[in-house]
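Quick note, my numbering runs 3 ahead of the 1-based positions in the sequence shown.
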Amino acid sequence: IVGTVVANGPGANAALGRKAAVYLTRFCGECEMCRNGLTTLCTNVTSKENIGWAWPGGFAEQVVCPEENLMYLEPGVDAKLGVLLLDTLGTPFHGLRVVKAAEAQTAFVAGCGAVGLGVICVLKSLGVPRVYASDRPGYRLNEAAKFGAIPIDITKENPVDVLAAIGGVDVAVEAAGIPPTLQTCMRVVKGNGRVLALGEQPETFELTVDLPSRLKDFSVHRTWYFPICEWKENLQLAAKGFFKGSDRLITNVFPLEKMQEAADVFYSGQAIKVLVTPRD
4 IVGTVVANGP
14 GANAALGRKA
24 AVYLTRFCGE
34 CEMCRNGLTT
44 LCTNVTSKEN
54 IGWAWPGGFA
64 EQVVCPEENL
74 MYLEPGVDAK
84 LGVLLLDTLG
94 TPFHGLRVVK
104 AAEAQTAFVA
114 GCGAVGLGVI
124 CVLKSLGVPR
134 VYASDRPGYR
144 LNEAAKFGAI
154 PIDITKENPV
164 DVLAAIGGVD
174 VAVEAAGIPP
184 TLQTCMRVVK
194 GNGRVLALGE
204 QPETFELTVD
214 LPSRLKDFSV
224 HRTWYFPICE
234 WKENLQLAAK
244 GFFKGSDRLI
254 TNVFPLEKMQ
264 EAADVFYSGQ
274 AIKVLVTPRD
């Protein structure tokens with residue numbers, strides 16, 4: 004959600020008239036995790052209290068949110084880019100920081116939805132020389148190639164075979180949210196490599212880890228969203244044009260009264276990020 008602050012509730016002192024993004028997760032600000040800046044890991048407030056879950060979301064002209072969840076935009080970052088700095092770029096960038104993707108020479112992304120393409124955008128912006136991306140043929144795999152990724156059509160090629168031919172990758176990112184692609188990432192990563200489990204997997208799932216994977220030292224990291232302390236740096240980078248080609252991630256914008264049409268376009272597979280604007 005990105006909007007303009009129009010009013011304060013009792014005890015709030017938000018900057019009226021300022022544009023701000025809304026941080027997804029509620030947090031207490033007092034537990035050990037919050038004190039260390041890791042607001043997504045708050046031990047006193049659960050993810051079930053997130054904005055859009057326990058609190059009404061952004062498909063409305065106005066929304067109420069806690070003042071501490073406001074993240075103000077700065078000159079050079081408009082509302083559209085502000086939206087991207089949340090799930091589409093902010094979530095991938097946090098995970099890629101954790102797995103030290105900036106040090107990688109090769110990377111693999113499984114799944115080319117909005118988040119997967121956001122991963123590719125960040126990887127290329129970080130200067131990773133070779134980024135491979137896998138998905139079924141079509142619009143989104145073509146978009147991955149436009150971002151500079153080397154596409155792998157999973158209906159014609161097995162990513163494991165393709166990447167074995169180059170000796171594996173330094174970083175593998177699962178962005179499809181299904182166990183088989185996470186297993187693929189574990190198979191294609193090099194020894195001493197890093198796997199990032201970014202996609203939203205089923206609540207409970209099992210993995211089968213083959214012997215070659217067990218015989219190499221590698222780490223698997225699961226991250227979700229991003230700590231609020233990363234917002235300022237991401238905002239500053241965005242204002243400087245760091246996220247190369249990020250404007251291409253937003254493919255459609257609909258008014259609120261065409262919400263159903265917006266949903267249909269999103270689920271068609273012929274779009275990346277679809278925005279809804281309650282007002283012009």
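Glycine included, each C-beta is placed from N, C-alpha and C at the ideal position.
Going by the C-beta, is L214 closer than 6 Å to any heavy atom of the ligand ZN? With respect to the ligand ZN, the structure offers nothing, as it holds no ligand at all.
Cβ-Cβ separation, V86 to V122 (assumed contact under 8 Å), whole Å: Taking the sequence shown and counting its residues from 1, one reaches residue 122 at position 119. Taking the sequence shown and counting its residues from 1, one reaches residue 86 at position 83. Actually they are not in contact, since the Cβ atoms of V122 and V86 sit about 17 Å apart, beyond 8 Å.
Tell me the rounded alpha-carbon separation between L144 and A136. For this step, residue 144 is matched to residue 141 along the sequence shown. For this step, residue 136 is matched to residue 133 along the sequence shown. Whole-angstrom Cα-Cα distance: 8 Å.
Between E52, F96 and D81, which has its C-alpha nearest C124's C-alpha? Reading the sequence shown from its first residue, position 121 is the one you call residue 124. Minimum Cα distance to C124 is reached at F96.
Taking the straight line between their C-alpha atoms, what separation do you get for Q204 and G180? As a working note, residue 204 is residue 201 in the sequence shown. As a working note, residue 180 is residue 177 in the sequence shown. Taking the straight line joining both Cα atoms gives about 4 Å.
Going by DSSP, which residues form a beta bridge with R225? Working through the sequence shown from its first residue, we reach residue 225 at position 222. Its beta-bridge partners are A200.
Delimiting residues of the beta strand (DSSP E) encompassing R133: The count along the sequence shown starts at 1 and reaches residue 133 at position 130. Run containing R133: R133 to D138, per the beta strand (DSSP E) assignment.
Grab the span of the beta strand (DSSP E) containing L210 for me, first residue to last. Taking the sequence shown and counting its residues from 1, the one referred to as residue 210 is at position 207. Unbroken run through L210: none, as it is neither H nor E.
For T43, I'd like the list of residues in its chain whose CB is within less than 6 Å of its CB, leaving aside the five on either flank, ordered along the chain. Working through the sequence shown from its first residue, we reach residue 43 at position 40. Here the set comprises T28, Y228 and P230.
Local Cβ density within 10 Å of I275, reported as buried at 16 or more and exposed below that: Indexing the sequence shown from 1 puts residue 275 at position 272. Burial call: buried.
In this structure, does DSSP put W234 in helix, strand or coil? Counting from 1 along the sequence shown, the entry for residue 234 is found at position 231. Correct three-state label for W234: helix.
Are the stretch 64 to 76 and the stretch 146 to 160 touching, with three or more C-beta to C-beta distances below 8 Å? no
Bounding residues of the beta strand (DSSP E) (the contiguous stretch that carries I253): Start at 1 with the first residue of the sequence shown, and residue 253 comes out as number 250. Segment I253 to P258, the beta strand (DSSP E) holding I253.
My output table needs one value for F111: the three-state DSSP class, helix, strand or coil. As a position in the sequence shown, residue 111 is number 108, starting the count at 1. Strand, per DSSP.
Taking D250 as the reference, give the member of K235, V277 and A17 with the closest Cα. As a working note, residue 250 is residue 247 in the sequence shown. The candidate whose alpha carbon is nearest that of D250 is V277.
Near V118, which residues of its chain fall below 8 Å by C-beta distance, leaving aside the five closest residues on each side in sequence? Translated into the one-based positions of the sequence shown, residue 118 becomes position 115. So the list reads D90, T91, T94, P95, A178, L201 and G202, once near-sequence residues are dropped.
Helix, strand or coil at D81 [DSSP, three-state]: On the sequence shown, residue 81 is found 78 positions in, with the first residue counted as 1. Residue state, collapsed to three classes: coil.
Give the secondary structure of G98 by DSSP, where H, G and I count as helix, E and B as strand, and everything else as coil. Residue numbering aside, residue 98 sits at position 95 when the sequence shown is read from its first letter. Correct three-state label for G98: helix.
Straight-line Cα distance separating V192 from L76: Position 73 of the sequence shown, counting from 1, holds the residue named residue 76. Position 189 of the sequence shown, counting from 1, holds the residue named residue 192. Each residue's alpha carbon lies about 37 Å from the other.
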